[in-house]
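Written below as structure tokens is the structure these notes are about.
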Amino acid sequence: MGKKVFVNNKNITPNGPITIERAKELHQFFAERLDGLPEQPLQETIDLSRVDDIDACGCQLLALFLESMKTRGATPILAAAPAALRERIDALGFHDLLALQPEP
Amino acid sequence: MTTPSGENNSIDLNRFNQVFFEECAENLAEMEQILISLGDREPDQEQMNAIFRAAHSIKGGAGIFGFNDMTVVTHVMESLLDRLRNQEIPFAPGMIDLFLEAGDAISMQLAWHREGKPVDQEAIDGVRAKLQQTIDAGAPAPVPADAPKEGTPLSPEELLPRRCRLAFTPDPEIFARGIRMESIVAELTELAEPGEFDCHAQLMEVPEFAELDPERCLTRWDFTLLTRASREQILDVFMFVADEEQLCIEEEPVDRRTKAAEPAPEQGVIPAAGRRAYDNGETAPGAFGRRGGEIESSIRVNVTKVDQLVNQVGELLITQAMLTQIAAGLDPILHQALQRGLVQLERNTRDLQGSVMSIRLVPISIVFSRFPRLVREIAAKLGKQVELKTTGDSTELDRGLIEKIADPLGHLVRNALDHGLETPEKRVACGKNPMGTLQLSASQVGGRIVIDVTDDGAGLNRDRILAKALECGIPCSEAMSDEEVWPLIFAPGFSTASEVTDISGRGVGMDVVLKNVQGIGGRVQIASEAGKGARFTISLPLTLAILEGLSVAIGKEKFIIPLNVVIESLQPKAEQLKSVNGREVVQVRGEYLPILKLHRIFNLEAEVTEPQRGILVLVEADGERGAILVDALLDEQQVVVKSIETNYRQVEGSAGATILGDGRVALILDLPELFAMHKRL
Chain A
4 MGKKVFVNNK
14 NITPNGPITI
24 ERAKELHQFF
34 AERLDGLPEQ
44 PLQETIDLSR
54 VDDIDACGCQ
64 LLALFLESMK
74 TRGATPILAA
84 APAALRERID
94 ALGFHDLLAL
104 QPEP
Chain B
-7 MTTPSGENNS
3 IDLNRFNQVF
13 FEECAENLAE
23 MEQILISLGD
33 REPDQEQMNA
43 IFRAAHSIKG
53 GAGIFGFNDM
63 TVVTHVMESL
73 LDRLRNQEIP
83 FAPGMIDLFL
93 EAGDAISMQL
103 AWHREGKPVD
113 QEAIDGVRAK
123 LQQTIDAGAP
133 APVPADAPKE
143 GTPLSPEELL
153 PRRCRLAFTP
163 DPEIFARGIR
173 MESIVAELTE
183 LAEPGEFDCH
193 AQLMEVPEFA
203 ELDPERCLTR
213 WDFTLLTRAS
223 REQILDVFMF
233 VADEEQLCIE
243 EEPVDRRTKA
253 AEPAPEQGVI
263 PAAGRRAYDN
273 GETAPGAFGR
283 RGGEIESSIR
293 VNVTKVDQLV
303 NQVGELLITQ
313 AMLTQIAAGL
323 DPILHQALQR
333 GLVQLERNTR
343 DLQGSVMSIR
353 LVPISIVFSR
363 FPRLVREIAA
373 KLGKQVELKT
383 TGDSTELDRG
393 LIEKIADPLG
403 HLVRNALDHG
413 LETPEKRVAC
423 GKNPMGTLQL
433 SASQVGGRIV
443 IDVTDDGAGL
453 NRDRILAKAL
463 ECGIPCSEAM
473 SDEEVWPLIF
483 APGFSTASEV
493 TDISGRGVGM
503 DVVLKNVQGI
513 GGRVQIASEA
523 GKGARFTISL
533 PLTLAILEGL
543 SVAIGKEKFI
553 IPLNVVIESL
563 QPKAEQLKSV
573 NGREVVQVRG
583 EYLPILKLHR
593 IFNLEAEVTE
603 PQRGILVLVE
613 ADGERGAILV
623 DALLDEQQVV
633 VKSIETNYRQ
643 VEGSAGATIL
653 GDGRVALILD
663 LPELFAMHKR
673 L
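Sequence lines, in order, name chains A and B.
To get the working numbering, take the position in the first sequence, counting from 1, and add 3.
Take the second sequence: its letter number 228 is residue 220 in the working numbering, and every next letter is one higher.
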């Protein structure tokens, strides 16, 4: 099966909750994005503005995604996380693994 | 590129919820059992701790599994219990009823989540308010930190804050089990001093992304908190979550009071036994409610899987019996090794059958245990004094029957309390003990389970039953015997109660009892004596059970007689055979026993029709004796009882059926029914 090509290759924008209930679906989504990284990736922005909820499983998935991106030479940036999401990530202890860009 | 935000659940959380539901029900039952056993007495420390643990487990589980509504009542209840056990609030007898009421509210919420049954929110709010009022009304009695009471547990306020470090390496399935880390974090935060909680997650491994299982937990957490909470309270947070070796607690030196009161714990890393010791050496419910030391001693298995196993073993038994039958026709010398193997196979199959069948059977105490509270409440409502006695609690019957017999039994118990047993004044006036007795007993008799509900009340009122029957247009007469009159109460809408109460007497009770019991192949019998009491006997078939039976031949058919009704078998001599009132009887040791000719009862072609040419199997059931005429005795064997109603239709005179080695179906005889059929011939 051929590699997927993403029209909007600038940002990775998950939408909706990042929770256990959607773990498989999101795993596939992130895996495809990982697969779609350019040969010489630089900075990759993960736009969290459309994420309305996250749980520990979701945090872990996101952290693993970020680690995998780093392994492939990319510099992932988590951006535009809503306040409630920041709080949840902090509360669950993922503040180091999911280093968020400061709020504007 | 964005993801869809649909609600496409990738895992089935329902099966994990079921585990919580079952455990919650168990905790509620345990709590109720303790509360009922107390009467109006104050619980001792051990009982108080057990009630507290049950409430706490429910609250913890509900929070973790996301049933937040269930944490509301449990939280206030837990607070009250905590104050009680710390002797900050004095115990009052009314609290028992309040806790029972709280248990009902939680049960209602459980039923809502489990079965979608409606919740009476007003009642729940009412209980919560009452619990809160009780807490508020009891003046808290804070104990100065420097003057602790001997032997009383320390409240969080009494302990000096100390720093705890927790390393939590969860079960990889924690996410898939539906456990919410957020709840754990929130509970730990509550235990920490304000602003003194830190949580740090670390990935334990980073597998190839495409190959990882996103529902598998690869994270460990380190928590640091400054807390006044006891080690036990911290461990309670992980009650449903942590298994052994999954949680380590490192505590900085403990507070002065604890140090003085008990030997100082070892410094450094203290491995937290997931099911650590509780008060008085008890153990707390651990992950999924398992108790200490039971980590591997029990597992929960879906009933359908057990049923499947039972059926497969049943088929295996039939195959084994068929092989034995085929081998019986072979030369034993030439096929010695085969014969030995078959004997071994038979032994192993029977062992397997015994083991498997025992899984499906549950003790009737599961149902009986529901009644102490019912009796207590109804008796109090009616102003009656009642002692409930149970016997045969360990009698086992099929799980399916247990579920279906609870309602009919409940009806009978309510009726006995409402209509049977008299008020203390009336009893004293009749020369009876003011305390009435209600007895529930269970036993296995022949191929059936017999449950008696006996009271020592006024007994059934024959005249009123007859009058009411006439009023309802039910054919009856004064000439009818008691045995004919009593069943009239099973008519739909029949009630002799002069007042319709909310306990019974709605006139829809007894017909429902009969219908429900008949629905599972059972029957109800009544015995009553005016002024002395009544006994309702429910007799149920052993739908799925192992039965020791005697297989007999009548013509080309085979029948199974339950071995425990068999007294002896004999070939009668002509002088033993008599005729009494036109019925054939056999005289055995001075006693005349009716001869039951199965070929006539079941309308079969028999080789033997005259008793002196056949064999008489003497049997006794329900206090009645008889002699069954058979052509031949074949074998004593264990048979798998199958419900004939489910697989075919009800066959009068049979308590079920079994499949024989040759693949044929044999009826298992139901003696009481056969006696009744014989009398009608």
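Glycine residues also receive a C-beta, built at the ideal position from the N, C-alpha and C atoms.
Item, Value
"Residue-chain proximity (T211/B, chain A), Cβ-Cβ < 8 Å", "yes"
"8 Å Cβ cutoff, V177/B in contact with chain A", "yes"
"Supposed contact pair W104/B and F160/B - C-beta distance, whole angstroms, cut 8 Å", "Their Cβ separation, rounded to whole angstroms, is 32 Å, which puts F160/B and W104/B out of contact at 8 Å."
"Cβ pair V119/B, A94/B closer than 8 Å", "yes"
"Nearest residue (CA-CA) to A598/B, options A619/B, E549/B and A649/B", "E549/B"
"Residue-level contact to chain A via CB, A193/B, 8 Å cutoff", "yes"
"Close-in-space but distant-in-sequence residues of the same chain around P82/B (CB under 8 Å, 5 per side omitted)", "G130"
"Range of the contiguous alpha helix (DSSP H) that encloses W104/B", "G86 to E107"
"Residue-level contact to chain A via CB, A675/B, 8 Å cutoff", "Residue 675/B is absent from the structure shown; chain B starts at -7 and stops at 673."
"Backbone CA spacing between F667/B and G618/B [nearest angstrom]", "8 Å"
"Nearest-angstrom Cα separation, counted from S561/B out to Y584/B", "15 Å"
"Cβ separation of Q629/B and G547/B, assumed to be a contact under 8 Å, to the nearest whole Å", "The Cβ separation is near 20 Å, so there is no contact."
"6 Å CB neighbourhood of L430/B in its chain, flanking five on each side removed", "V378, L380, A408 and D447"
"Test item: CB-CB of D113/A and T22/A under 8 Å", "This structure cannot settle anything about residue 113/A, because the visible part of chain A is limited to 4 through 107."
"Cβ shell of V600/B (< 6 Å), same chain only, five flanking positions each side left out", "G606 and D623"
"Contacts of L37/A in chain B (Cβ-Cβ under 7 Å)", "F201"
"Three or more C-beta pairs below 8 Å linking the stretch 354 to 369 of chain B and the stretch 393 to 404 of chain B", "yes"
"Collapsed DSSP secondary structure at M472/B in the structure displayed", "coil"
"Coil, strand or helix - M502/B by DSSP", "helix"
"The stretch 154 to 167 of chain B: positions lying closer than 7 Å to chain A by Cβ", "F167"
"Contact check, F44/B vs R77/B, beta carbons under 8 Å", "yes"
"Residues sharing a beta bridge with H192/B, DSSP", "D214/B"
"Distance between I587/B and V578/B (C-alpha atoms, nearest Å)", "7 Å"
"Chain A within 8 Å of P364/B, Cβ atoms only", "no"
"Residues of the stretch 216 to 235 of chain B with Cβ closer than 7 Å to any Cβ of chain A, in chain order", "none"
"CB-CB length for Q43/A against L210/B, believed under 8 Å", "Between L210/B and Q43/A the Cβ distance is about 29 Å, and since that is not below 8 Å, they are no contact."
"Validate contact between the stretch 384 to 393 of chain B and the stretch 349 to 357 of chain B using beta carbons, cut 8 Å, 3 pairs", "yes"
"L69/A vs P85/A beta-carbon contact at 8 Å", "no"
"Alpha helix (DSSP H) segments (min. 4 residues) lying fully within the stretch 599 to 669 of chain B", "636 to 639"
"Top-ranked residue by Cα proximity to I518/B, from V111/B, S222/B and V442/B", "V442/B"
"Where D448/B falls: helix, strand or coil (DSSP)", "coil"
"Closer than 8 Å at the beta carbon, the chain A residues around M173/B", "D58, A59 and L95"
"Separation of D89/B from L20/B, as counted between CA atoms", "14 Å"
"Neighbouring residues, chain A, relative to V198/B (Cβ below 8 Å)", "L67, E70, S71 and T74"
"Buried or exposed by the 16-neighbour rule on C-beta atoms within 10 Å, applied to V295/B", "exposed"
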